[in-house]
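Scroll down for the structure; my scribbles are underneath it.
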Amino acid sequence: MWSSSSSRAVIATDPIGTSVSIYDRAESSRLATRLQGLPPTIFGTMSALAARTGAINLGQGFPDEDGPATVIEVAARSLTSGCNQYPPGIGIPELRLAIAAHQQRHYGITLEPDTQVVVTAGATEAIAAAMLALVNPGDEVVVLEPYYDSYTATIAMAGGVRRPVTLRAPNFRVDAGELRAAVTPRTRVMLINSPHNPTGTVLTRAELEVIAELAIEHDLVVVTDEVYEHLTFDSVPHIPLTTLPGMAERTVTISSQGKSFSFTGWKVGWVTGPADLVATVLAAKQWLTYTNAAPLQPAVAYGLEHEQEYPHRLAASLQRKRDLLCDGLTELGFEVFRPQGTYFAMTDVRGFGYEDAMAYCLALPERAGVVAIPAQVFYDDQEAGRHLVRWAFCKQESVLTEALDRLRGAS
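Here the sequence shown stands for residues 10 to 420, where the numbers follow this note's numbering.
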């Protein structure tokens with residue numbers, strides 16, 4: 010087990026908090042067939058490993074500092090003022106108004122809060138509800154690979170079939186020819202993530218125009234996961250797909266406060282889009298959580314309205330942390346793919362004698378006292394990502410520096 014008495018203070022609290030992962034315990038004989046091909050979430054496995062070894066967790070994407078104190082104060086007042094029963098199933102009016110105002114302010118998108126906005130239990134529930142509502146068994150869903158691992162599970166639970174389009178190192182850009190080839194007569198939905206986890210790529214207008222062209226040509230719905238919308242670097246703009254011509258009527262946009270305001274544990278997200286598609290997603294969402302987070306919804310509304318500068322400050326801070334981690338990993342000999350946004354950076358570990366990132370990441374906590382994520386778990390074609398590792402830089406600079414020191418000492 011890794012041990013360093015001088016560094017314990019900088020280890021971020023692990024959100025799982027267990028030494029053995031419950032995610033590994035599903036009995037295959039009782040597990041529904043549609044889930045049997047899905048491995049346990051890598052985040053549960055690696056976070057449990059971090060807890061067992063005392064390693065610094067640069068695997069899971071959660072910050073180790075809270076967001077604005079004013080937002081926490083509103084949440085605390087809500088808890089003590091009786092805001093503890095079921096809120097409206099679509100979310101409280103003031104939060105839906107704040108979300109609509111946010112979309113208008115940042116992107117010029119006009120939304121009717123009562124019919125075009127639904128509050129969800131984080132973006133992950135929104136993704137699940139969208140897949141369950143829009144995908145019939147056998148329908149194909151085009152995704153950009155590598156992808157957030159919940160995409161695999163939610164498409165499978167809907168009975169859909171993934172059609173991955175691989176973003177390849179070093180630039181992780183969309184290949185228009187491969188994207189066109191992925192769309193077939195069975196395609197019903199495109200699930201697009203930008204800024205992109207785990208590569209950190211921010212899709213360009215030209216890439217989005219190809220997506221829009223295909224969606225219109227084939228009459229597809231596009232579900233966009235935009236949770237990192239405010240966390241872009243080097244003045245790279247985030248462009249919502251729904252703002253492109255012909256896309257407002259066929260785009261379901263998903264986002265949340267977790268990443269933009271550093272409250273990932275609150276799990277308050279939202280779906281916006283045309284009223285008919287939002288109602289379609291709500292038809293599934295109502296049978297998942299129905300509603301959520303009564304005392305937190307007023308706080309999120311307050312943050313969207315009164316802490317508008319916080320996401321900009323956070324993005325500037327994350328850019329500095331990105332540079333700290335990426336520069337340090339480069340000095341250690343990694344091939345580093347510097348991201349344009351998100352919490353994450355990708356590296357190639359073949360220069361360290363590893364062809365398999367899973368083997369590298371499983372050995373790393375004991376060898377160096379650091380946890381990272383093997384990116385191959387985010388691919389259908391695992392060979393395409395077998396040598397890639399994802400590192401989270403959404404930590405205090407002292408934590409990142411300590412992690413680099415540990416890696417340096419183990420190299």
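C-beta atoms are modelled at their ideal positions from N, C-alpha and C, and glycine is treated no differently. Because the structure is a prediction, the values reported are computed rather than measured.
DSSP state of residue 195, grouped into three classes? Residue numbering aside, residue 195 sits at position 186 when the sequence shown is read from its first letter. Residue 195: coil per DSSP, three-state reduction.
Taking the continuous beta strand (DSSP E) assigned at residue 281, which residues delimit it? By one-based count along the sequence shown, residue 281 stands at place 272. Looking at the DSSP string, the run of the beta strand (DSSP E) that includes residue 281 is 278-281.
According to DSSP, simplified to helix, strand and coil, what is residue 71? Start at 1 with the first residue of the sequence shown, and residue 71 comes out as number 62. It is coil, neither helix nor strand.
Can you give me the Cβ contacts of residue 292 inside the same chain, cut-off strictly under 6 angstroms, excluding the 5 residues immediately before and after it? Walking along the sequence shown from the start, residue 292 turns up at place 283. The residues are 142.
My assumption, with CB atoms under 8 angstroms, is that residue 300 sits in contact with residue 96. Please give the rounded CB distance. Here residue 300 is taken as the residue at index 291 of the sequence shown, counted from 1. Here residue 96 is taken as the residue at index 87 of the sequence shown, counted from 1. Contact holds; Cβ gap of about 5 angstroms.
Could you check the C-alpha separation between residue 118 and residue 112 for me, to the nearest Å? As a working note, residue 118 is residue 109 in the sequence shown. As a working note, residue 112 is residue 103 in the sequence shown. Taking the straight line from one Cα to the other gives about 5 angstroms.
The alpha helix (DSSP H) with residue 108 in it runs from where to where? For the purposes of this step, residue 108 is identified with residue 99 of the sequence shown, where counting begins at 1. Unbroken alpha helix (DSSP H) run through residue 108: 102-116.
Can we say the region 233-253 touches the region 186-195, given the rule of at least three CB pairs closer than 8 angstroms? no
Within the chosen definition, does the region 193-209 reach the region 231-238 through at least 3 CB pairs nearer than 8 angstroms? yes
Do you know whose CA, among 82, 240, 420, 181, lies nearest residue 341's CA? As a working note, residue 341 is residue 332 in the sequence shown. The shortest Cα separation from residue 341 among 82, 240, 420, 181 belongs to 420.
Rounded separation between residue 321 and residue 271 - CA only: Locating residue 321 in the sequence shown gives position 312, where the first residue counts as 1. Locating residue 271 in the sequence shown gives position 262, where the first residue counts as 1. Whole-angstrom Cα-Cα distance: 12 angstroms.
I need the boundaries of the alpha helix (DSSP H) containing residue 138, first residue and last residue. Taking the first residue of the sequence shown as position 1, residue 138 is located at position 129. Looking at the DSSP string, the run of the alpha helix (DSSP H) that includes residue 138 is 131-143.
So, at 6 angstroms on beta carbons, what are the nonlocal neighbours of residue 359 in its own chain, with the 5 sequence-adjacent residues on each side left out? In the sequence shown, the residue the question calls residue 359 occupies position 350. Counting only Cβ-Cβ distances below 6 angstroms, and skipping sequence neighbours, we find 396.
Mapping DSSP to helix, strand and coil, what is residue 350? Residue numbering aside, residue 350 sits at position 341 when the sequence shown is read from its first letter. Correct three-state label for residue 350: strand.
Can you find the residues in the same chain that come closer than 6 angstroms, C-beta to C-beta, to residue 313, ignoring five residues on each side of it along the sequence? By one-based count along the sequence shown, residue 313 stands at place 304. Excluding positions up to five away in sequence, the list reads 107, 111.
Three-way DSSP call (helix, strand, coil) for residue 423 in this model: Not covered by the structure: residue 423. The range shown for the chain is 10 to 420.
I'd like to know if the region 120-134 and the region 364-378 are in contact, where contact means that at least 3 CB-CB pairs between them fall below 8 angstroms. no
Segments assigned beta strand (DSSP E), at least 3 residues, entirely inside the region 319-397: 344-346, 353-357
Name, in chain order, the residues that DSSP records as bridge partners for residue 173. For the purposes of this step, residue 173 is taken as residue 164 along the sequence shown, with counting starting at 1. Partner(s): 152.
Cβ atoms of residue 324 and residue 240: under 8 angstroms apart, would you say? For this step, residue 240 is matched to residue 231 along the sequence shown. For this step, residue 324 is matched to residue 315 along the sequence shown. Going by C-beta atoms, residue 240 is nearer than 8 angstroms to residue 324.
Could you give the DSSP three-state label for residue 182: helix, strand or coil? Sequence index remark: in the sequence shown, residue 182 carries index 173 (1-based). Reduced to three states, the DSSP call for residue 182 is strand.
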